[in-house]
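A.B. asks: Taking numbering that gives the first Met the number 0, I'd label the letters of the sequence shown as residues 0 to 231. Each residue gets a CB set at the ideal place from its N, CA and C atoms; glycine is no exception.
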Amino acid sequence: MEEQRSKVTLHGMWVSTYSKKVEIALKLKGILYEYVEEDLQNKSESLIQLNPVHKKIPVLVHNGKPVAESLVILEYIDETWKNSPRFFPEDPYERAQVRFWVSYINQQVFEVMGQVVFQEGEAQAKSVEEARKRVQVLEEGLKKHFPNKNIRENDDVGLLEITIIATFGAHKAYREALGVEIIDPVNTPTLYNWIERLQDLTVMKEVEVPRDKLVNFLQNYRQKLLQQAASA
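1. Helix, strand or coil for Val-60 per DSSP?
2. Evaluate the contact criterion for the stretch 178-189 versus the stretch 127-139: three or more CB pairs, one atom per stretch, below 8 Å.
3. For Val-60, I'd like the list of residues in its chain whose CB is within less than 6 Å of its CB, leaving aside the five on either flank, ordered along the chain.
4. In chain order, what residues of the same chain have a beta carbon less than 6 Å from the beta carbon of Trp-131, not counting five sequence neighbours either side?
5. Are the stretch 24-33 and the stretch 162-178 in contact at 8 Å, needing three or more beta carbon pairs?
6. What are the boundary residues of the alpha helix (DSSP H) that Val-101 is part of?
7. Suppose the cutoff is 8 Å on Cβ atoms and the five residues either side in sequence are ignored; what does the same chain contact list for Val-127 look like?
8. Taking the CB atoms as reference points, tell me whether Gln-16 and Ala-165 lie closer together than 8 Å.
9. Please confirm whether Val-71 and Pro-65 have their CB atoms less than 8 Å apart.
10. Can you list the alpha helix (DSSP H) stretches of 4 or more residues lying completely in the stretch 17-43, in chain order?
11. Got a sec, what are the start and stop residues for the beta strand (DSSP E) His-10 sits in?
12. For Ala-231, which three-state DSSP category applies?
13. Please return the same chain residues whose Cβ sits closer than 7 Å to the Cβ of Lys-42, not counting the five positions on each side in sequence.
14. Mind reading off the beta-carbon distance from Asn-62 to Lys-6? Whole number of angstroms is fine, and I expect it under 8 Å.
15. Would Ile-47 be called buried (16 or more neighbouring beta carbons within 10 Å of its own) or exposed?
16. Helix, strand or coil: which one does DSSP assign to Val-66?
17. Under the rule that 16 or more other beta-carbon atoms within 10 Å means buried, what is Ala-122, buried or exposed?
18. Relative to the C-alpha of Phe-109, which residue among Lys-223, Pro-84 and Glu-129 is closest?
19. Can you look up Asp-211 in the DSSP assignment and give me helix, strand or coil?
20. Is there contact here, the stretch 140-154 with the stretch 73-93, by at least three beta-carbon pairs under 8 Å?
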């Protein structure tokens, strides 16, 4: 088939949640691809040429044609490679719910969780509390709209599951690096269980970032940001 002979390249960064979503999607679809690690402090000319508007990762290049922005890329992958798993439900209402909660995670939860990394003291405590509130909203949404969700194999994974594992899959490493806990089996059991089941899938293990490497990066990155804030 033509699509099987196509050349696919992903420009990404190992610690990027957005890049990780695309890696997971490609693995789930069984798409062979070349990976190009980008240094965002010293962006390559290729990245700038491929994504001249935002000059950011991820960028998927399919037969020489670049596609930018993680959500756009995931939709492109699902529309180009129509094999299972399909990333969007066929039912319009279910599809709308998936889009809503993916948007909520990207715009409401991920933003405040990111603030926790470069804050300390009272400011960090407030951000942690806000993050817990927003995650609790997600918890209730998962219970209400996806009550019978089973995650046993690759075909059970769609856009929402990709977003959840890419965004929250490293929550234990964040806890170790930052000393704060936002997701736990007591207060957010549904979300916690989704993450655990997803992490059990072989395809997720293939793209999983080594925990020690991530913890070390987060600690160093946090220290750097705090030093910059102190000297500003």
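C.D. replies: If we stick to the structure as given:
1. Residue state for Val-60 is assigned as strand, using DSSP reduced to three classes.
2. Segments in contact, yes.
3. Cβ contact annotation for Val-60 (same chain, cutoff 6 Å, sequence separation greater than five): Thr-8, in chain order.
4. A small correction: the amino acid at residue 131 is Arg; Trp does not occupy that position in the sequence shown. Take Arg-131, set aside five residues on each side of it, and the residues of its chain with a beta-carbon closer than 6 Å to its own are Ile-181, in chain order.
5. A contact is defined here as three or more CB-CB pairs under 8 Å, and the stretch 24-33 fails this definition with respect to the stretch 162-178.
6. Per DSSP, Val-101 belongs to the alpha helix (DSSP H) from 91-103.
7. Excluding positions up to five away in sequence, the list reads Val-115, Val-179 and Ile-181.
8. Inspection of the sequence shows that residue 16 is occupied by Thr rather than by Gln. Taking 8 Å as the Cβ cut-off, Thr-16 and Ala-165 qualify as a contacting pair.
9. The beta carbons of Val-71 and Pro-65 sit no closer together than 8 Å.
10. Runs of the alpha helix (DSSP H) lying entirely within the stretch 17-43 and spanning at least 4 residues: none are present.
11. Unbroken beta strand (DSSP E) run through His-10: 7-11.
12. Ala-231 falls in the coil class under three-state DSSP.
13. Contacts found: Lys-54.
14. That belief holds up - the Cβ atoms of Asn-62 and Lys-6 are roughly 6 Å apart, short of 8 Å.
15. With fewer than 16 Cβ atoms within 10 Å of its Cβ, Ile-47 is classed as exposed.
16. Of the three classes helix, strand and coil, the one that applies to Val-66 here is strand, per DSSP.
17. The residue is exposed, with fewer than 16 neighbouring Cβ atoms inside 10 Å.
18. Nearest option by C-alpha distance: Glu-129.
19. The three-state reading of DSSP puts Asp-211 in helix, counting H, G and I together.
20. Contact between the stretch 140-154 and the stretch 73-93 is present: 3 or more CB-CB pairs across the two stretches fall below 8 Å.
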